[in-house]
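Notes for the one structure printed next.
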Amino acid sequence: MFHWLEQRPFFFAVMLFATIAFAGIIEIIPDFAKASQPTVGTKPHTVLELAGRQVYIKDSCNACHSQLIRPFKSETDRYGMYSLSGEYAYDRPFLWGSKRTGPDLHRVGNYRTTEWHENHMLAPAEVVPGSIMPKYPHMFTNTADIATAYANANTQKSVFGVPYDKDGMTKLGSWEEAKAQALEDAKKVAADMKNQSVKDAVANGQVPEIVALIAYLNSLK
Amino acid sequence: MQSNAQLEYDYSVVKLFTFTTILFGIIGMLVGVILAFQLAFPELSNLAGEYGTFSRLRPIHTNGVAFGFTLSGIFATWYYVGQRVLKMSLKESKFLMTVAKLHFWLYFITILLAVVTLTLGITTSKEYAELEWPLDLLIVVWWVLWGVSMFGMIGMRRERTIYVSVWYYMSSFLAVAMLFLFNNMEVPTMFWANGAPSSAMHSISMYAGTNDALVQWWYGHNAVAFVFTTPIIAMIYYFLPKESGQNVFSYKLSVLAFWGLMFVYLWAGGHHLLYSTVPDWMQTMGSTMSVVLILPSWGSAINMLLTMKGEWGQLQTSPLIKFMIMASTFYMLSTIEGPIQAIKSVNAIAHFTDWIPGHVHDGTLGWVGFMVMAALFHMAPRIFKRELYSKKLMETQFWLQTVGIVLYFTSMWIAGITQGMMWRAYDEYGSLLYSFIDTVTVLHPYYTLRGIGGLFYLIGFLMFAYNIFRTATSGRVLDKEPANASPMAS
Amino acid sequence: MDQETLMTIAGYGKFFLLLFIFIMFYGYAFSIYRRQRSGERDYEKYSELVLNDSLDAVPLEKRDNSKEK
């Protein structure tokens, strides 16, 4: 029977595929529905935070920073409470990372400020002597893509039923409303910053990448 | 069909893929060396504005070597080995020839576009699946074309029995198709932009949070399995016996190791998520299966080493045999190292540290890189009908690169374990002994050493490229195809 | 059915599937070694597919096209 199979490429391929797919079927399917329940208090990201998250992805911050605190004392002492599955319920894609060239960022909003991030992104080694992180001055001049962030949020709402605009949840609304809201959020961040060109840009209705990124980092708690 | 003395194997597609193997190899490895030195000397990260930072370059390195260099090597050897063990020529079918050519050009365009989009920061952030949705669609097209050519060629074969190498190529095709499709399920956001001028290139994952992580590492781990392992085993099962003129030590063992590997490999993805928020039983399963994986992996590796039984003299005389035996040895090393790292208590220290890239690189540099280069060396005299240009250059390259790999993984072992231990060190009063930055600055010498190791490997690769180029252009012309040992000028 | 029962059923399912695969695999291993020993089929000759692979070489086992799938 086995030898018969080895001479018939079609049935052989079917058998091979079944063997390969076996693990996936057992491992992935059963727990799919269960793991995605949000923890109480977890809200969808605002549009500005999503724009910042996109900057985080664009510059591959996840290549060096994890967002996953493991349940060890040495990690909870350093980074705060260990991570829970429900906290990631609105993360598309997930950003756990696989390497800590720099520290974990899952709760960075608890212990770093807007001002700290502003200085640090410009010249990491001046804030943390010995740091090997690259400088990111281009984030102060590039404009964040609020429109794509809105499309992102609206896709989550329309396709995946993420509870935007529900009671006590993040407000999204139309593109015009969302844009105005994002700009207002950006002004709050810019108020704590000292870079004049960033402040001017926000006053003119532009959102530099750094503002969106800081809004996102501050939301990581 | 009767055998026809006029008919020959057609190597035009093999030549094209050989060219891209070398081209993307140089690009990918060069970026890799730059990355390595950026960690040792961070000023290097800011030489090219936003396009030259470590974070922007890293996906170009991983995609360049995995899907540029390695995939090209796999396709080149497939069109070579496939024709030969099936005893059919691409010349016999216009259709398959067209499919193969189209496969090459679409592939080439995709990888070039990948380099451009990743430089611009257009990425999904999922490791080894960074390319955005339009490129993903392009990949599906040429992957299907590869499948068509594969099953078409198998359908035209003259040999009844399909050799085990072809099984491995088939498994690669099927598994990557499945993994790729499921992991890249994404929704382009432009269709729900509601009037906002959003980017057409952007998409979000179908899965959220923990589920996304689970699918990603089921993919990520097995992309390693079916790009860096099974097709490379396919190569060694053909090229080692062929170059040495020996029978495979045990064909039965090769068949059993095949099914064992197919079944077990897919379970091991969970070891990337130990102590994370995925369910506990999955973590334990991933850990256990990773250890079980030693058996089929070593089954193949030992089979290869024993193939040389009684013929170890060849190791001394042929640099090509050296490359393949070293590849097999590195395969054994990394398939024992991987399961060790997958043990939960070891993983607690190793995860997130440089030990992981260290492990990846003794597999990729030692096993994948050596095997692909050996395969190209073996094919060159046959596809160009010329003698290999320089044996001396091959010997130098072999030793330079071997030293490079050893520098690479030893420095990363030390770096990883040092950092892992420092992260969890407490003083006598129960507070953390080191701040994070202490655990970074201590790594400087190891990062430098790693960069030097990588540089050695890159220089070796350039020697390889030069050697192949000179073989193709000015090697002594052969009047007939060599049967086993590849002819090489001293 | 609640989550608990589902997980239990899934658990048994996994166990028996693994057992099934285990038996298949070792059955396969046993069968090829037995056939090699009894001389019913020589597996080792398939190495020749590599060593004897030029296009005008005589195929090891000629393909019978009439009953091919």
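Protein chains in written order, with the numbering used here: chain A, 1 to 221; chain B, 222 to 711; chain C, 712 to 780. Yeah, the Cβ is synthetic: ideal placement off N, Cα and C, and Gly gets one too. Note that this is a predicted model, so its numbers are computed, not measured.
Against residue 493 of chain B, what residues of chain A qualify as contacts under a CB-to-CB distance less than 9 Å, listed in chain order? 98
Please determine, among A/62, A/39 and A/197, the residue with the shortest C-alpha to C-alpha distance to residue 348 of chain B. A/62
Counting only Cβ-Cβ distances shorter than 7 Å, please list the residues of the stretch 305-325 of chain B near chain C, keeping chain order. 305, 306, 308 and 310
Locate the beta strand (DSSP E) running through residue 425 of chain B, then write down its first and last residues. Per DSSP, the unbroken beta strand (DSSP E) holding residue 425 of chain B starts and ends at 424-426.
Any beta carbon from chain C within less than 8 Å of residue 20 of chain A's own beta carbon? Between residue 20 of chain A and chain C, the shortest Cβ-Cβ separation is not below 8 Å.
Using only CA atoms, which one of B/253, B/287 and B/327 lies nearest to residue 275 of chain B? B/253
Once the 5 residues before and after residue 224 of chain B are set aside, which same chain residues still bring their CB inside 6 Å of it? No answer about residue 224 of chain B holds up, because its pLDDT of 48 lies below 50 and its placement is not dependable.
What did DSSP end up calling residue 170 of chain A once you bin it into helix, strand or coil? Of the three classes helix, strand and coil, the one that applies to residue 170 of chain A here is coil, per DSSP.
Roughly how many angstroms separate the alpha carbons of residue 56 of chain A and residue 479 of chain B, rounded to a whole number? A direct Cα-to-Cα measurement between residue 56 of chain A and residue 479 of chain B gives close to 41 Å.
Give me whichever residues DSSP pairs with residue 709 of chain B in a beta bridge. B/609
Give me, in chain order, the residues of the same chain whose beta-carbon lies closer than 7 Å to that of residue 779 of chain C; leave out the 5 immediate sequence neighbours on both sides. Residue placement at residue 779 of chain C is flagged as unreliable, the pLDDT there being 45, under the threshold of 50; the coordinate-derived value follows with that caveat. Excluding sequence neighbours, residue 779 of chain C sits near nothing in its chain.
Cβ-based burial, residue 305 of chain B [other Cβ within 10 Å; buried from 16]: buried
Where does residue 99 of chain A sit, in a helix, a strand or coil, going by DSSP? strand
With a threshold of 8 Å between beta-carbons, can residue 392 of chain B be considered close to chain C, or not? no
Rounded to the nearest angstrom, what separates residue 373 of chain B and residue 484 of chain B at their Cα positions? 26 Å
Output the distance between the C-alpha atoms of residue 141 of chain A and residue 361 of chain B, rounded to the nearest integer angstrom. 37 Å
Are there 16 or more other CB atoms within 10 angstroms of the CB of residue 145 of chain A, so buried, or fewer, so exposed? buried
Would you report the Cα separation of residue 777 of chain C and residue 488 of chain B, rounded to the nearest angstrom? Here residue 777 of chain C scores only 48 on pLDDT, less than 50, and its place in the model is too uncertain to base an answer on.
Alpha carbon to alpha carbon, what distance is there between residue 52 of chain A and residue 218 of chain A? If I take the Cα positions, the gap works out to 10 Å.
Going by DSSP, name the residue or residues bridged to residue 573 of chain B. Residue pairing for residue 573 of chain B: DSSP places it in a beta bridge opposite A/99.
Rounded C-beta distance between residue 667 of chain B and residue 710 of chain B? I'm assuming under 8 Å. Their Cβ separation, rounded to whole angstroms, is 40 Å, which puts residue 667 of chain B and residue 710 of chain B out of contact at 8 Å.
What alpha helix (DSSP H) runs, 4 residues minimum, are completely inside the stretch 49-114 of chain A? 73-79
Can you find the residues in the same chain that come closer than 6 Å, C-beta to C-beta, to residue 237 of chain B, ignoring five residues on each side of it along the sequence? 325
Under 8 Å by beta carbon: chain A residues contacting residue 773 of chain C: Under the 8 Å cutoff, chain A gives no residues; its nearest Cβ is about 12 Å from residue 773 of chain C.
Alpha carbon to alpha carbon, how far is residue 616 of chain B from residue 537 of chain B? Give it in angstroms, no decimals. Going from the Cα of residue 537 of chain B to the Cα of residue 616 of chain B covers about 11 Å.
Could you tell me the distance, in whole angstroms, from the CA atom of residue 66 of chain A to the CA atom of residue 99 of chain A? 6 Å
Measuring only between beta-carbons, confirm whether residue 5 of chain A sits less than 8 Å from chain B. no
Within 7 Å: the Cβ of residue 157 of chain A and any heavy atom of the ligand ZN? This structure simply doesn't include the ligand ZN, nor any ligand for that matter.
Cβ closer than 9 Å: which chain A residues qualify as neighbours of residue 275 of chain B? 60, 63, 64, 101, 132, 133 and 134
Residues from the stretch 547-581 of chain B in contact with chain A, defined by Cβ distance under 9 Å: 569, 572, 573, 574, 575, 577 and 578
Ends of the beta strand (DSSP E) at residue 408 of chain B? Counted as a single uninterrupted DSSP element, the beta strand (DSSP E) harbouring residue 408 of chain B occupies residues 407-409.
Return the residue from the list A/18, A/16, A/22 and A/12 that minimises the CA-CA distance to residue 726 of chain C. Closest by alpha carbon: A/22.
With a threshold of 7 Å on Cβ separation, who are the neighbours of residue 747 of chain C within its own chain once the five nearest residues in sequence on each side are excluded? 753 and 754
Would a C-beta distance cut-off of 8 Å place residue 294 of chain B and residue 85 of chain A closer than the cut-off? Their beta carbons are not under 8 Å apart, which means residue 294 of chain B does not touch residue 85 of chain A by this criterion.
Residue 698 of chain B in three-state terms, based on DSSP: strand
Exposed or buried, what is residue 769 of chain C when buried is set at 16 or more other beta-carbons lying within 10 Å of its beta-carbon? Residue 769 of chain C comes out exposed.
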